[in-house]
Every structure is written in C-alpha cells, then in structure tokens.
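Right, one structure below, let's go through it.
Residue numbers (my numbering): 244 to 510.
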C-alpha cells in the first residue's frame, strides 16, 4: 500500500502546486480517473478548470487533447473521419481529438445535441464508431468536460443520457484571500505550470486502475448502495430515480474508490 499512497500523494501535491487550494477537487478528479469514470466541472470562467485538466495530464504523463466545443462543431470533428486515399484506393481513418488519454471537452454545452451524442459511446464503452468501423480508445481514457452555469445564450442543456456518463459533477469555486495571495507569489516571475514535472507514467496509472478493481466490496456495502438507489425511485421531489444498470455500476465504482481512498490516504 505504501507505493500507491506515495504515488497518489505526489500527483496531488504536483497538481496543487499549480491549482492552489483545490485539494478536494483534485482528489475527486483522481478518484474518477482511477475508477475509469469521467468528470463534469460546472463553474464560472476564471476558476482554473482548464488548468486543472492540463496539470493532471502533465503530472501523469498522459496524452492530452482539447476539444473546443462550438455551435459549428461536427461529430466527425470529435471522433475522426475516414478519408479516401487515391494511391492505395482505400479509406484511411484519421483519428479525432477524442483519441487521447486525458481529453478536455471545453464548454461542452455549446455544441448541438448531435455533436454531443458523438461522445456517448466514447464515454461509456471506450470506443468510437466511424463509417461502421469501431475504433478502440487508448487506455487510460479520461474525459473532463466543462460548462459555464451562468451564460445560457447559445448553449444546449446536456440531456440525461449525457449527464449519466459522468461519474462526478463538481464545482471548483473561488480561492480564499490567502490562496489568491499565494497564487500571485507563485506567478510573479513564471507560471508554476512551466515547472510542473511528471510524477507517474501512464502504465502506472493503469496499474492503479487495476488495483481499484481488486478492492473487496462486502455484501453489506452492496446492500447499502442498492438501498440508496432504490430509495431514489420513490423519493418525493425526484422526477426520475436511478433505474439504469450503468448508474448502479457507477455507484459501485464510487463506493470502491471511497474504500480505496480511506485506506490509501488515511493518516
């Protein structure tokens, strides 16, 4: 347990050096990454959403890709496209930006539902289908999407099927006064991101993900999860309770990671 604990603490400290005062957000992000889930960050501009994703990618040596979602973005701009090669007389697949280890889906709600739907298969199954051909996404595969909760002009609300693909929906919030002073000191000469070093490899991330799948979950914990899920179906004020298998599986992922963190990060 000492090695995973040390690795995770090193990642948190490396990212926190750039994204000041957001240890809980960083911990939740790593929790989703190791649980093979995805994160939706909903907050106002200027709180460090993009910098958080870039820092996590750099600290973990992951292949980072960014997709700027705009109203004119097409599904093929996300997944890739097949192009006919006249020399070989065959179609060649040109992968899109979704083919990365850590993908930033920036302002995801600014694209049309048709484009957003291109992410459904990728987020849930780790693959994309283009022209009838299925292409496996790299491992690990982790999407962090952002959206602005204030400005609604020209945006498309994420459908329930899309929201269901995210393990966490979190907010970063503004830093406090001391944290903002610390940020000014750190960026006085150069930005701390330029000094951020990788502390773990992609292969080691995959090993940690395998560690998570091996965590023992007692039947009492499973019963607790099922009880929560079933309660949402009859809870007053809840329009639609948890009813799909994928949602139950997500709950199990969360619980497994909480068990894991309680062992790894215990002081």
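Where is the CB? At the ideal position from N, CA and C, for every residue including glycine.
query                                                                                                                             : result
Cβ-based burial, residue 480 [other Cβ within 10 Å; buried from 16]                                                               : exposed
First and last residue of the uninterrupted alpha helix (DSSP H) at residue 455                                                   : 445 to 456
Close Cβ partners of residue 254 (< 7 Å) along its chain, the five nearest in sequence each way excluded                          : 273, 302, 303, 442, 443
Residue 363 vs residue 330 beta-carbon contact at 8 Å                                                                             : no
C-alpha distance - residue 246 paired with residue 448, whole-angstrom precision                                                  : 12 Å
Residues of its chain near residue 413, where Cβ-Cβ distance is below 7 Å and the 5 sequence neighbours each way are ignored      : 268, 271, 282, 284
Per DSSP, the bridge partner or partners of residue 345                                                                           : 307, 385
Residue 305 beta carbon less than 8 Å from that of residue 191                                                                    : For the chain, the structure presents residues 244 to 510; residue 191 sits outside this window and is missing.
Contact set for residue 264: own chain, Cβ-Cβ below 6 Å, skip 5 residues either direction                                         : 418, 422
3-residue-minimum beta strand (DSSP E) runs that sit fully inside the stretch 356 to 429, ordered along the chain                 : 370 to 373, 376 to 379, 385 to 390, 411 to 413
Cβ contact (3+ pairs, closer than 8 Å) linking the stretch 429 to 438 and the stretch 386 to 395                                  : no
Nearest neighbour of residue 321, chosen from 310, 328, 384 [CA to CA]                                                            : 310
Nearest candidate by alpha-carbon position, reference residue 327, set 380, 455, 374, 287                                         : 374
Of the residues 485, 469, 384, the one placed nearest residue 308, counting alpha carbons only                                    : 384
Where residue 350 falls, given that 16 or more other Cβ within 10 Å makes a residue buried                                        : buried
Chain-order list of residues whose beta-carbon lies under 7 Å from that of residue 489 (same chain, five-residue window excluded) : Low confidence applies to residue 489: its pLDDT is 42, below 50, so where it sits in the model is not reliable, and the reading given next is rough at best. 367, 407, listed in sequence order.
Residue 425 Cβ short of 7 Å to the ligand MG heavy atom set                                                                       : The ligand MG is absent from the structure shown, which contains no ligand whatsoever.
Buried versus exposed call for residue 286 [16 or more other C-beta atoms within 10 Å across all chains shown]                    : buried
Straight-line gap, residue 280 to residue 476 (C-alpha atoms, nearest Å)                                                          : 23 Å
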